[in-house]
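Accompanying notes for the structure given below.
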Amino acid sequence: MPVTGKTLDIDTSPHIKSGASVDTIMRHVVYALLPVCAFSVYVFGLTALITLTAATLSCLLTEHLLCRWRGDRTTIGDWSVAITGILYGLTLPPALPVWMIILGGAVGVGMGKFLFGGLGYNAFNPALIGRAFLQAAFPLSMTTWFEPLAEQRFVAVPSSTFTMPFASPVYDSVSSATPLSAMKFDGDVAAAADLVMGLTSGSTGETSSLLIIAGGLYLVARKMMNWRIPVAILGTVAAFSGALYQVDPAVYPSPVFMLFAGGLMLGAVFMATDMVASPMTGLGCVLYGVLIGAMVVVIRLWGGMPEGVMYAILFANAVSPHIDRLVRPRVYGTAKRGAS
Amino acid sequence: MAVVREGQEVQRGQLLARADGFVSVAQHAPASGIVRRIALVPSITGKMTPGIYLEPHPGSSQEVAEGEPCDLQSASADDIIAAIQAAGIVGLGGAAFPTHVKLKPPEGKHAHTLVINGVECEPYLTTDHRVMLEHTADVYTGIRYLLKATGAQRAIIGVEANKLDAAEALRAAVPADMPVTTEVVNVKYPQGAEKMLITALLDKEVPSGGLPIDVGIVTVNVATAAEIGRLLPHGRGIQERVVTITGPAVGRKGNYRIPIGTPLRFALEQVDVSDDASRVFLGGPMMGQALSSLDIPITKGTSGFVAFTHADTDERAQEYPCIRCAYCVDACPIFLNPAQLGLLAKNREYERMADEYNLMDCFECGSCSYVCPSHIPLVQRFRVSKAIVRERKSS
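First to last, the protein sequences are chains A and B.
If you read the first sequence in the working numbering, its first letter stands for residue 405, the second for the next number, and so on.
If you read the second sequence in the working numbering, its first letter stands for residue 9, the second for the next number, and so on.
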């Protein structure tokens, strides 16, 4: 067969691609989060559904409007802001007033992501920036918790959810202490089984550790998550709190309690692993995880707050570029501790 | 330098051009015929290079002109090295670097191990596999010459784990008196790169900016070794080589023994290349060059061609910002940080790339660009950056 008069396409090598794509990775993270969301709605009812929806929509809308305002194409199609929205919703108390949710979402995406330059440039996890802002602005609402498995949860919405903007929310349902605040302020330790299953009060997503771990395993199997980060965090928390528990079990909670209470599992698996704000090398990821784990234990046990996952991750996000700068693998063929 | 003139009748195997320096080899007639012109010919890079147009006789016989045989027993190391140069032998893996240059260690350096590279340099290419299976005896004869030329005490043949039949064939045929072992290595691109293979086989690293001889090793491609074993006992020169022609656009995929200098277009026509072939790569898809013209000759460095049609090639995907996923960090075989280098390249900080992030060690395997989910042309930027750094250093 004659091969004549052909026009050939030219390009530089490599001419083939693995097929991995940012939007695919992000979409799978959303898939991994959906069971966690579904279980939250089961535990907290309609108010969790409203919280998650409001959080996700406010983040999507903020990014969309800011892109338009700058005159660029919208970037909500890359799915990354959807993850931010869902994660942000999962960190909030289930009965938080919707207007606060929207405000925090706008701050998280606007200040935590857009101002830094958008996808790939954010130094901090935007979802946690939004939450940190709310924690500072509305400390009372951010620590008022909704009863898990309340009887009326699928038919009624707590009055606080639809509070008018800038009005103080009124909490009608019985708010219950989280396992961490009960431990810290009252010395009560929740049953391990309830913690693992997630049938305790707390943030919307601080529920089923099992579903969170399952989501993490799904992403690790697809090589879309660096397993070293959650393993280092959880390992450090277990070792550190385990050592303290050995010293004085009357004062310090057990490592099982520490691992499964509060936002640690969600933070370790889905927050700290934000690719943009975590280190790139294997050793760097381990150091980053150890730093987070150690800070979580310190803040929880000796700090003024019952929970410390958020601040531990934000702090580690801040140092992650420096970890990458200091911890560099030895380049092939160079001497140990070579050119730097 | 041509030793024939226009209009001259030549016999297959006759010397056409002799080496005109140390880093240069001879060229022999791939077929009997008439020298039509001595002029510039198009090359793969698009540049014109000096060449000889040979018109084969329609019935060119398989008879080959032979020169002075190189006798393994009586020849000295220098004799063998000279014979390899005279036979026109270059690295057949694709780099086409004159083999005899590698065999002569620089002052004060000594080779103890000969590594025979039987690992294909790229996906799609299968020439080394066929050579190991079909020319096993030539491989060992070649290794005998190479051991004597380099003074190495032993040789190791590296074969990938997906070619166990080749490893078995080599092990079954090893002569009892030869210090040669065949080792199976993992299938992982770019395992065929000599530095990677040396590390896999001997757990040694070639120093940054150095050569294998710096750690006492000489590497030779298995097809090159086979060619040495085939040609030197008869005093012949290279007239042909094994070329993989494959890819979705090729009707009869396979490995073909093709005379050097055959026009690529002619070769593709013989194997039923689809008329809508839109991309043809010289070499494999990872490091190979996309050809802008099919009117080029097949050379000694041509390990293969891969042809794709429009339907098989993806549209160029949208580029996203780097999300620091570290896929490239995990993929880099020499532990560079391609993500960081990519950012520096974007900011045109070429000196920092070279001085702080070991840019010049990059051998452009393309793994970083292959895995990047943001579709950032990383290795492409590194090639440009390296060229800029070299230019600035030299000026």
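Glycine included, C-beta positions come from ideal geometry on N, C-alpha and C.
Does residue i get closer than 8 Å to chain A when you measure Cβ to Cβ?
i	result
Lys354 (chain B)	no
Cys129 (chain B)	no
Asp369 (chain B)	yes
Met56 (chain B)	no
Gly102 (chain B)	no
Gln81 (chain B)	no
Leu349 (chain B)	no
Ser311 (chain B)	no
Leu344 (chain B)	yes
Lys394 (chain B)	no
Ala94 (chain B)	no
Pro305 (chain B)	no
Tyr328 (chain B)	yes
Is the shortest distance between the beta-carbon of residue i and the beta-carbons of chain B less than 8 Å?
i	result
Thr690 (chain A)	The question names Thr, yet the displayed sequence has Val at residue 690 (chain A). It does not; no Cβ of chain B falls within 8 Å.
Pro733 (chain A)	yes
His419 (chain A)	yes
Asp592 (chain A)	no
Met568 (chain A)	no
Leu523 (chain A)	yes
Ala424 (chain A)	yes
Asp415 (chain A)	yes
Ala743 (chain A)	Bear in mind that the predicted position of Ala743 (chain A) carries a pLDDT of just 41, short of 50, making it unreliable; the figure below should be weighed with that in mind. So, interface residue.
Met405 (chain A)	At Met405 (chain A) the pLDDT is 48, less than 50, meaning the model places this residue with poor confidence; the figure from the coordinates comes in the next sentence. It does: the Cβ of Met405 (chain A) has a partner Cβ on chain B nearer than 8 Å.
Ile717 (chain A)	no
Gly751 (chain A)	This structure cannot speak to residue 751 (chain A), because chain A is shown only from 405 to 744.
Leu412 (chain A)	yes
Asp482 (chain A)	yes
In the structure shown, what three-state DSSP assignment does residue i receive?
i	result
Leu255 (chain B)	It should be noted that the sequence gives Gly, not Leu, for residue 255 (chain B). The answer is coil: DSSP assigns Gly255 (chain B) none of H, G, I, E or B.
Thr738 (chain A)	coil
Met679 (chain A)	helix
Arg265 (chain B)	strand
Val167 (chain B)	strand
Glu63 (chain B)	strand
Ile246 (chain B)	coil
Gly41 (chain B)	strand
Arg13 (chain B)	coil
Val392 (chain B)	helix
Pro725 (chain A)	helix
Gly312 (chain B)	strand
Glu364 (chain B)	helix
Pro346 (chain B)	helix
Arg400 (chain B)	helix
For residue i, collect the residues of the same chain with a Cβ closer than 6 Å to its Cβ; drop the 5 residues on either side in sequence, then sort them by chain order.
i	result
Cys373 (chain B)	Pro198
Ser744 (chain A)	In this predicted model, Ser744 (chain A) has a pLDDT of only 40, less than 50, meaning its place in the structure is not dependable; the value taken from the coordinates is given anyway. Hits under 6 Å: none found.
Leu648 (chain A)	Tyr656
Tyr358 (chain B)	Ser393, Ile396 and Val397
Glu191 (chain B)	Ile164, Gly166 and Leu209
Gly688 (chain A)	Ile727, Asp728 and Val731
Asp28 (chain B)	Met9
Give a yes or no on whether the minimum CB-CB distance between residue i and chain E is below 8 Å.
i	result
Val214 (chain B)	Absent here is chain E; the protein component of the structure consists of chains A and B.
In chain order, what residues of the same chain lie with their CB nearer than 8 Å to the CB of residue i, ignoring the 5 residues before and after it?
i	result
Ile454 (chain A)	Val502, Val561 and Thr565
Leu48 (chain B)	Met56, Thr57, Pro58 and Gly59
Pro293 (chain B)	Glu130, Pro131, Tyr132 and Val314
Met405 (chain A)	In this predicted model, Met405 (chain A) has a pLDDT of only 48, less than 50, meaning its place in the structure is not dependable; the value taken from the coordinates is given anyway. Nothing listed; no residue qualifies.
So is the beta-carbon of residue i under 7 Å away from any non-hydrogen atom of the ligand ZN?
i	result
Val713 (chain A)	No copy of the ligand ZN appears in this structure; indeed no ligand is present at all.
To which residues of the same chain is residue i closer than 7 Å at the C-beta, ignoring the five residues directly before and after it?
i	result
Gln19 (chain B)	Ala37, Ser40 and Ala73
Ile342 (chain B)	Asp369
Next on the checklist: Could you check whether the segment 685–705 of chain A touches the segment 347–359 of chain B, counting it as contact only if at least three pairs of C-beta atoms, one from each stretch, sit closer than 8 Å?
Outcome noted: In short, these stretches do not touch, since the Cβ pair count stays below three.
Next on the checklist: Assess contact between the segment 303–320 of chain B and the segment 249–262 of chain B, defined as three or more Cβ pairs (one per stretch) separated by less than 8 Å. Is contact present?
Outcome noted: They touch, by the three-pair rule.
Next on the checklist: Does the segment 30–43 of chain B come into contact with the segment 53–70 of chain B, if we say contact requires no fewer than three beta-carbon pairs (one atom in each stretch) closer than 8 Å?
Outcome noted: With a cut-off of 8 Å, the segment 53–70 of chain B and the segment 30–43 of chain B count as touching, because enough Cβ pairs lie within range.
Checklist entry - Between the segment 428–440 of chain A and chain B, which residues of the former have a C-beta closer than 8 Å to a C-beta of the latter? => result Listed by position along the chain: Thr428 and Ile429.
Next on the checklist: Any C-beta of chain A within less than 7 Å: which residues of the segment 187–200 of chain B qualify?
Outcome noted: Result list empty, no residue passes.
Next on the checklist: Taking beta-carbon pairs under 7 Å, can you tell me which members of the segment 657–690 of chain A lie near chain B?
Outcome noted: Against chain B - using a Cβ distance shorter than 7 Å - the residues of the segment 657–690 of chain A are Met679, Val680, Met684 and Thr685.
Checklist entry - Do the segment 580–589 of chain A and the segment 605–617 of chain A touch if we need at least three Cβ pairs shorter than 8 Å? => result Output reads yes: the segment 605–617 of chain A touches the segment 580–589 of chain A.
Checklist entry - Is the segment 31–38 of chain B close to the segment 716–733 of chain A, with three or more CB pairs under 8 Å? => result Counting Cβ pairs under 8 Å, fewer than three are found: no touch.
Checklist entry - Can at least three beta-carbon pairs, one atom from the segment 389–397 of chain B and one from the segment 221–241 of chain B, be found at a separation below 8 Å? => result Remark: fewer than three beta-carbon pairs, one from each stretch, lie closer than 8 Å, so the segment 389–397 of chain B and the segment 221–241 of chain B are not flagged as touching.
Checklist entry - Taking three-plus beta-carbon pairs below 8 Å as touching, is the segment 327–339 of chain B in contact with the segment 671–691 of chain A? => result When C-beta atoms of the segment 327–339 of chain B are compared with those of the segment 671–691 of chain A, three or more pairs fall below 8 Å, so the two segments count as touching.
Checklist entry - Using a beta-carbon distance cut-off of less than 9 Å, what residues from the segment 287–301 of chain B approach chain A? => result Per Cβ criterion, the list reads Arg287, Val288, Phe289, Gly291, Gly292, Pro293, Met294, Met295, Gly296, Gln297, Ala298, Leu299, Ser300 and Ser301.
Next on the checklist: Between the segment 147–157 of chain B and the segment 178–191 of chain B, can you find at least three pairs of beta-carbon atoms closer than 8 Å?
Outcome noted: A contact between stretches requires three or more CB pairs, one per stretch, nearer than 8 Å, and the segment 178–191 of chain B meets this requirement with the segment 147–157 of chain B.
Checklist entry - Along the segment 258–277 of chain B, what residues have a CB closer than 7 Å to any CB found in chain A? => result Cβ proximity to chain A below 7 Å picks out Arg273, Leu276 and Glu277 from the segment 258–277 of chain B.
Checklist entry - Are the segment 224–233 of chain B and the segment 198–207 of chain B touching, with three or more C-beta to C-beta distances below 8 Å? => result Contact holds: three or more Cβ-Cβ distances are below 8 Å.
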